[in-house]
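K.L.:
Under the numbering used here, the letters of the sequence shown match residues 3 to 262, in that order. Think of the CB as a built atom: it goes at the ideal place given N, C-alpha and C, for glycine as much as any other residue.
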Amino acid sequence: MHYVDALTPANALPLGFSAHPDSPQPKLVFSDEFSAPELDTTKWTARDQHRGRGNNGAQWWYKPANVRKAAGNDALAIDIRKIGDNVYAGGRIDTQGKFDFTFGTFECRMHIPAADGHLAAAWLQSAVGLPEGEGVTARTGAEIDVIESNSTGDHYAVTLHWGGYGKYHQQSSETVAAPHLRSNWYHTFAVNWGPDKMDFTYDGKIVRTISDPRLISQVREYPILSNEIIPFAQGDIHHAPLDVSCTMYIDYVRIWQWPA
Numbered sequence: 003m004h005y006v007d008a009l010t011p012a013n014a015l016p017l018g019f020s021a022h023p024d025s026p027q028p029k030l031v032f033s034d035e036f037s038a039p040e041l042d043t044t045k046w047t048a049r050d051q052h053r054g055r056g057n058n059g060a061q062w063w064y065k066p067a068n069v070r071k072a073a074g075n076d077a078l079a080i081d082i083r084k085i086g087d088n089v090y091a092g093g094r095i096d097t098q099g100k101f102d103f104t105f106g107t108f109e110c111r112m113h114i115p116a117a118d119g120h121l122a123a124a125w126l127q128s129a130v131g132l133p134e135g136e137g138v139t140a141r142t143g144a145e146i147d148v149i150e151s152n153s154t155g156d157h158y159a160v161t162l163h164w165g166g167y168g169k170y171h172q173q174s175s176e177t178v179a180a181p182h183l184r185s186n187w188y189h190t191f192a193v194n195w196g197p198d199k200m201d202f203t204y205d206g207k208i209v210r211t212i213s214d215p216r217l218i219s220q221v222r223e224y225p226i227l228s229n230e231i232i233p234f235a236q237g238d239i240h241h242a243p244l245d246v247s248c249t250m251y252i253d254y255v256r257i258w259q260w261p262a
């Protein structure tokens, strides 16, 4: 399977990357410029999934209908909508079972809406799940949140989750500054993931570094893009405008791997 979009520039490199001309260059192994009229289902799956119940009894879902090509724009849009009486839906796409990788640079260029009871995110998830148990570390698989935005401010969360989502769940989270996150349309979010260190970047500048070996996944991970209703987000989905001001736009996703 060829996972590189033909429209990705042949010389595309991670934002902020610089190296001596004689140094090894990263290899582009996956990209989507979202220029096609529909979602490329050879790479992505749009989920139809009940997510839970939140504020004032509201139910929320992922729905494929909320994932669309942005009109007049080479971008993918993920909307937030009301689909029933106190029932709301966002959207999620992922490459589970189609593409995953270990170590490299995951980069996406996106417009992140200000939250009003919803959360926009780009993340990686372990292809083998999150093992549970005493003493489990992120090395055996982690959820790697490159960006989670659940507020209206110029900041977002960079978070790791491991140990499953129950009794043994653990996390490491840091809120990072993101100048002009709301006032400028597109920004670039990335993680440079190596076996010994992870650098998270915003518009090419490092905003968080993780070097604790217990926190660095050593297993294959796959990318996820999502915009969803969530009870701990700033605002209230019942009062959200539910128009394009709630929409997340993705200009591209690109993944590089580095020579051993």
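I think L183 touches Y167, with their Cβ atoms under 8 Å apart; what is that distance to the nearest whole Å?
P.N.:
That belief does not hold up - the Cβ atoms of L183 and Y167 are roughly 28 Å apart, past 8 Å.
K.L.:
Thinking C-alpha only, which one of T104, L41, I239 and F108 is nearest P66?
P.N.:
Selected option, being the one with the closest Cα: L41.
K.L.:
Taking the alpha-carbon positions, what's the D156 to A117 distance?
P.N.:
The straight-line gap from Cα to Cα measures roughly 11 Å.
K.L.:
Can you tell which of W187, A180, E176 and R70 has its C-alpha closest to the C-alpha of G93?
P.N.:
Among W187, A180, E176 and R70, the Cα nearest to that of G93 belongs to R70.
K.L.:
On the criterion of 16 or more Cβ atoms from any shown chain inside 10 Å, does W228 qualify as buried, or is it exposed?
P.N.:
The sequence shown places Ser at residue 228, rather than the Trp named in the question. So S228 counts as buried.
K.L.:
Which first and last residues belong to the beta strand (DSSP E) in which I85 is found?
P.N.:
Segment R83 to G86, the beta strand (DSSP E) holding I85.
K.L.:
What's the call for K207, buried or exposed, on a 16-neighbour Cβ count within 10 Å?
P.N.:
That one is exposed.
K.L.:
Is it buried or exposed for T203, if we count other Cβ within 10 angstroms and need 16 for buried?
P.N.:
Looking at its Cβ environment, which holds 16 or more other Cβ atoms inside 10 Å, T203 is buried.
K.L.:
Between the alpha carbons of F32 and I80, how many angstroms are there, rounded?
P.N.:
Their backbone Cα atoms lie some 21 Å apart in a straight line.
K.L.:
Start and end of the beta strand (DSSP E) containing H113?
P.N.:
Counting along the chain, the beta strand (DSSP E) containing H113 begins and ends at G106 to H113.
K.L.:
Comparing alpha-carbon positions, which option in Y90, G106, R216 and H240 lies nearest V138?
P.N.:
Measuring from the Cα of V138, the nearest candidate turns out to be R216.
K.L.:
Out of curiosity, what's the CA-to-CA distance linking Y170 and G143?
P.N.:
Each residue's alpha carbon lies about 13 Å from the other.
K.L.:
For S128, count neighbouring C-beta atoms within 10 Å of its own C-beta (all shown protein chains included) and say buried if the count is 16 or more, exposed if not.
P.N.:
Buried.
K.L.:
Output the boundary residues of the beta strand (DSSP E) element that contains S33.
P.N.:
Taken as a continuous stretch (DSSP letters only), the beta strand (DSSP E) holding S33 covers K29 to D34.
K.L.:
In terms of residue numbering, what span does the beta strand (DSSP E) encompassing E150 cover?
P.N.:
Its beta strand (DSSP E) spans residues E145 to S151.
K.L.:
Within the continuous beta strand (DSSP E) that includes V255, where are the two ends?
P.N.:
Looking at the DSSP string, the run of the beta strand (DSSP E) that includes V255 is M250 to Q259.
K.L.:
So, with DSSP's three-state summary, where would you put P233?
P.N.:
It is coil, neither helix nor strand.
K.L.:
Could you tell me if T97 is buried or exposed, where buried requires 16 or more neighbouring beta carbons within 10 angstroms of its beta carbon?
P.N.:
T97 is buried by the Cβ-count criterion.
K.L.:
Keeping to the same chain, check which residues put their C-beta closer than 6 Å to that of T177; ignore five residues upstream and five downstream.
P.N.:
Excluding positions up to five away in sequence, the list reads H157 and A159.
K.L.:
Please classify R141: does DSSP put it in a helix, a strand, or coil?
P.N.:
DSSP places R141 in helix when its eight states are reduced to three.
K.L.:
Would you identify the three-state DSSP class for A6, choosing helix, strand or coil?
P.N.:
Before going further, note that residue 6 is Val rather than Ala in the sequence given. Of the three classes helix, strand and coil, the one that applies to V6 here is coil, per DSSP.
K.L.:
Please give me, in chain order, every unbroken run of the beta strand (DSSP E) with length at least 3 that falls completely inside the stretch 179–252.
P.N.:
For the stretch 179–252, whole beta strand (DSSP E) runs of length 3 or above, ordered along the chain, are 189–195, 200–204, 207–212 and 223–231.
K.L.:
Less than 8 Å between the CB atoms is what I'm expecting for R222 and F103, so what's the real figure, rounded?
P.N.:
Going by Cβ atoms, the distance from R222 to F103 rounds to 6 Å, so yes, they are a contact pair.
K.L.:
Where do the ends of the beta strand (DSSP E) carrying Q127 lie?
P.N.:
Segment H120 to S128, the beta strand (DSSP E) holding Q127.
K.L.:
Residue range of the beta strand (DSSP E) that W63 falls in?
P.N.:
Unbroken beta strand (DSSP E) run through W63: Q61 to Y64.
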